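Novice:
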Amino acid sequence: MYASAIRSPPFKRLSLIGIPHAFRMPRLDFNVSQITRAKGEIKTQNDPIHPFSTFFENPLIFLKKRIHDMELVSNPFKKVLKDLLMNPAYLASWKSGSFLRALEGVIDRFSPCRLCPRQCNAIRTDGETGFCGQGNRPRVARVLPHFGEEPPLTGRFGAGAVFFSGCALHCVYCQNHQISQENLGEEINTKDIAELFLELQAKGCHNLDLVSPTPHLPFIFQALAIAIPRGLRIPIVYNTHGYLTSDVVDLLSGIVDIYLPDMKYGSEASAKAFSMAPGYVAVNRSAVEQIYHQAGPLDIGPYGIAQKGLLVRHLVLPNHAFETARVLEALSRISTQIPLSLMAQYRPCHRAIRHPVLNRPITDLEYQQALESARELGFETLFIQCLESSDIYFPDFTRKDPFSHPDPAVFH
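All letters in the sequence shown, in the order written, are residues 23 to 434 by the working numbering.
1. Does the beta-carbon distance from residue 380 to residue 340 come in below 9 Å?
2. Determine contact between the region 280–297 and the region 237–245, defined as no fewer than three beta-carbon pairs at a distance below 8 Å.
3. To the nearest angstrom, how far is it from the Cα of residue 90 to the Cα of residue 408?
4. Could you tell me the alpha carbon to alpha carbon distance between residue 317 and residue 202, rounded to whole angstroms?
5. Hey, which unbroken runs of the alpha helix (DSSP H) at 4 residues or more fall wholly within the region 216–277?
6. On the CB-based measure, 16 or more other CB atoms within 10 Å of its CB, does residue 261 come out buried or exposed?
7. Could you tell me whether the region 157–168 touches the region 316–336, using the rule of 3 or more Cβ pairs below 8 Å?
8. With burial defined as no fewer than 16 other Cβ atoms inside 10 Å of the residue's Cβ, what is the status of residue 286: buried or exposed?
9. Tell me the DSSP secondary structure of residue 168 in three-state form.
10. Bridge partners for residue 21 per DSSP, in chain order?
11. Straight-line CA distance for residue 144 to residue 158?
12. Output needed for residue 374: all residues of its chain with C-beta closer than 7 Å, excluding positions within five of it in sequence on either side, in chain order.
13. If you measure from the beta carbon of residue 168 to each beta carbon in chain B, is any gap under 9 Å?
14. For the region 357–381, list the beta strand (DSSP E) runs that are entirely contained and at least 3 residues long, ordered along the chain.
15. Return the chain-ordered ranges of every alpha helix (DSSP H) run that is complete within the region 277–303 and spans a minimum of 4 residues.
16. Flag this pair as touching only if the region 385–398 and the region 347–357 have three or more C-beta atom pairs under 8 Å; answer yes or no.
17. Go ahead and pull the three-state DSSP assignment for residue 416.
18. Please confirm whether any heavy atom of the ligand PLP lies closer than 8 Å to the CB of residue 232.
19. Got a sec? Which residues, its chain only, sit under 7 Å from residue 134 by beta carbon, not counting five neighbours each side?
20. Figure out for me which residue from 383, 377, 174 has the closest Cα to the Cα of residue 367.
21. Are there 16 or more other CB atoms within 10 angstroms of the CB of residue 211, so buried, or fewer, so exposed?
22. Have a look at 192, 250, 303 and flag the residue whose alpha-carbon is nearest the alpha-carbon of residue 267.
23. Return the CA-CA distance between residue 358 and residue 150, expressed in angstroms with no decimal places.
24. According to DSSP, is residue 401 part of a helix, a strand, or is it coil?
25. For residue 356 and residue 310, which I take to be in contact (beta-carbon distance under 8 Å), what is that distance rounded to the nearest angstrom?
26. Per DSSP, residue 182 forms a beta bridge with which residues?
27. How many Å lie between residue 294 and residue 187 at the Cα?
28. Could you tell me which residues DSSP pairs with residue 208 in its beta bridges?
29. With DSSP as the reference, label residue 334 as helix, strand or coil.
30. Can you check which of these residues, 226, 154, 207, 200, is closest to residue 181 by C-alpha distance?
31. Can you round the beta-carbon distance between residue 250 and residue 223 to whole angstroms, since I take them to be within the 8 Å contact cut?
32. For residue 236, which residues of its own chain have a beta-carbon under 6 Å away from its beta-carbon, when the five flanking residues on both sides are left out?
33. If I follow the unbroken alpha helix (DSSP H) through residue 201, where does it start and stop?
34. Secondary structure at residue 129, three-state DSSP: helix, strand or coil?
35. Among the residues of its own chain, which have a CB less than 7 Å from the CB of residue 299, if the five just before and after it don't count?
36. Short of 7 Å in beta carbon distance, which residues of its chain neighbour residue 372, apart from the five on each side in sequence? Order them along the chain.
Here it is as structure tokens:
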């Protein structure tokens with residue numbers, strides 16, 4: 023069913039290359055032997071750090087070290103590609119005035135707070151906190167170039183990750199529980215956030231990867247209003263649990279370029295028991311479908327970097343093969359063109375350590391069952407992980423770099 027299965031080396035040393043037909047030049051006309059040789063070189067690199075591999079339907083989409091190394095693109099064409107990559111959605115919204123209308127919309131939903139489906143109505147302007155634990159100031163836990171996302175997001179120079187504190191879910195197994203539930207982080211102002219956005223761009227990050235952004239939307243929009251006139255030009259990734267209201271998704275249209283939502287559960291009972299999220303399944307599926315109609319499937323540009331669209335994640339949980347199949351079936355009914363990231367990195371932590379159902383890692387059989395479900399449903403693009411990813415990419419937000427491993431031997 024799939025043209026190739028490529029195990030890719032570390033994110034920070036590789037990118038996905040997909041050359042659209044309309045942009046090909048004579049020097050970009052690959053032949054079969056070139057593609058085969060490039061793939062062969064990649065397969066000989068067996069670095070265990072990389073958490074993902076990739077399946078592709080299109081044989082012209084493959085992995086390689088750097089586009090410059092093979093001298094496939096002439097200098098004039100490089101400039102065209104650079105211009106294409108630096109045209110995020112918020113620029114058009116800024117020029118048309120729709121950005122300000124969206125800003126007014128998120129501010130209107132801030133206090134009493136109706137930013138998430140809980141509709142808790144906390145008076146956040148008075149410092150009252152809702153379920154997410156956030157009040158009248160933004161709280162940021164970590165900001166860094168992040169190489170643990172899917173390859174089209176990290177590219178060579180990383181995703182510009184901004185980890186916000188707080189979350190509308192309280193997952194018993196959350197690997198980010200230090201920031202999502204224990205509120206680790208520092209209160210800053212919107213001007214500081216704007217500076218952080220610009221610093222990530224200056225470091226060469228391919229995007230702004232906003233992690234758990236929903237409770238902080240008014241502050242994020244205000245920071246963008248400062249950063250855009252100062253030259254912000256990289257796309258925005260909305261990295262979310264997928265528990266989103268329809269009106270918030272509407273407000274994000276024309277602002278967010280790339281959506282990275284979870285589809286966590288196949289039953290409302292699991293959503294309530296494991297994440298304290300009533301109505302999650304119905305809300306989540308509706309949000310993902312709405313996002314798909316708004317943004318389309320993930321669009322990977324000429325340098326192999328995601329430019330816009332939707333990529334959906336599903337974390338495979340122990341003892342939940344049937345629910346995984348239900349999640350994938352629901353996503354396939356929306357579209358099998360949506361790239362699917364099947365995550366194997368589950369590791370019992372937080373309150374899951376003593377949980378009777380979730381107190382162990384997943385088995386190879388459980389992950390293979392998830393892959394088989396995805397294949398049978400006909401998903402065109404899959405991102406997959408090795409089971410060792412649960413150890414390598416387990417974060418500790420008390421460290422300056424949460425994803426640096428305390429044992430250097432892990433990376434050798």
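Glycine is no exception: its CB is placed at the ideal position from the N, C-alpha and C atoms. These numbers come from a predicted model, not from an experiment.
Specialist: Short version:
1. yes
2. no
3. For residue 90, the predicted model reports a pLDDT of 40, less than 50, meaning its position is unreliable; a value from the coordinates is still stated below. Residue 90 and residue 408: Cα-Cα distance of roughly 29 Å.
4. 27 Å
5. 239–249, 268–274
6. buried
7. no
8. buried
9. strand
10. The requested residue 21 is not part of the displayed model; the chain covers only 23 to 434.
11. 10 Å
12. 194, 195, 380, 381
13. No chain B appears in this structure, which consists of one protein chain only.
14. 362–365
15. 290–297
16. yes
17. coil
18. Only the bare structure without any ligand can be found here, which leaves the ligand PLP out of the picture.
19. 143, 144, 145
20. 383
21. exposed
22. 303
23. 42 Å
24. coil
25. 6 Å
26. 167, 230
27. 22 Å
28. 162
29. strand
30. 226
31. Incorrect: roughly 11 Å between the Cβ atoms, too far for contact.
32. 137, 138
33. 199–202
34. helix
35. 191, 265, 293
36. 194, 195, 196, 199
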